[in-house]
Amino acid sequence: MSSDSQPENTPRPSRTEAEQAVRTLLRWAGDNPAREGLHDTPSRVVRAYEEFFEGYNTNPHTLLERTFSEVEGYDEIVLLRDIRFESHCEHHLAPIIGRAHVAYLPKKRVVGISKLARVVDAYARRLQIQERLTAQIANTINDVLEPQGVAVIIESAHECMTTRGVHRPGVSMVTSTMLGVFRENTNTRQELLAMLNRPSACGV
Ligand SMILES: [Zn+2]
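166 is the number that the UniProt record's numbering gives to position 166 of the sequence shown; each next residue is one higher, with no gaps.
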């Protein structure tokens, strides 16, 4: 269990308690949880929460443990672009929908690229702020793969900004964490940015 999960002295509430909490919020919204259309809503919301927040059940470090060392001397940037993710802001429980670009410069080991996307999901499917999400993905790859450098760039829309509060649709937030050579070496960082801006050649 990571440090983000529940402290041991506060046991997880039961499903019935969670459903009851949803009924309370429905009443708070001004509706009647007993009416027919809302009858199954608490159980649906609780199941949706299991999906939205399943990242708490995944240890992102173990996702990266299986690596490949026979890379024929490959020592250039590996970049996975446009990893779509869904997260929820920890301040309003509102969706954050975005794309992550994850790059690393291997030292001696590479990892299956699907694992990079799974690390993004493992952290996205928790209550988040975008700055921490970005740093957690980068730090995990850095800790486990020990590459020459890691770069994570995230662009996303926060529904807590578009549907409430200041009501600003169309605004995207961009965050980045650069570690190792991506932080220290301007040329490496420029090379990454050029790769990011290049149109895709595979039709995606
Ligand atoms: Zn928010």
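Even glycine gets a Cβ: it sits at the ideal position worked out from N, Cα and C.
For residue 116, same chain residues with a beta-carbon under 6 Å away, outside a window of 5 residues either side, are 80 and 102 in chain order. In this structure, residue 105 sits near residue 147, with a CB-CB distance shorter than 7 Å. With 16 or more other Cβ atoms from the protein chains shown falling within 10 Å of its own Cβ, residue 182 counts as buried. The DSSP-derived three-state label of residue 121 is helix.
The beta carbon of residue 83 is closer than 6 Å to those of 100, 117 and 120 in its chain, skipping five residues each way along the sequence. Look at residue 94: its beta carbon is less than 6 Å from one of the heavy atoms in ligand 1. In the three-state DSSP reduction, residue 145 falls in the helix class (H, G or I). Residue 30 counts as exposed, since fewer than 16 other C-beta atoms from the protein chains shown sit within 10 angstroms of its C-beta.
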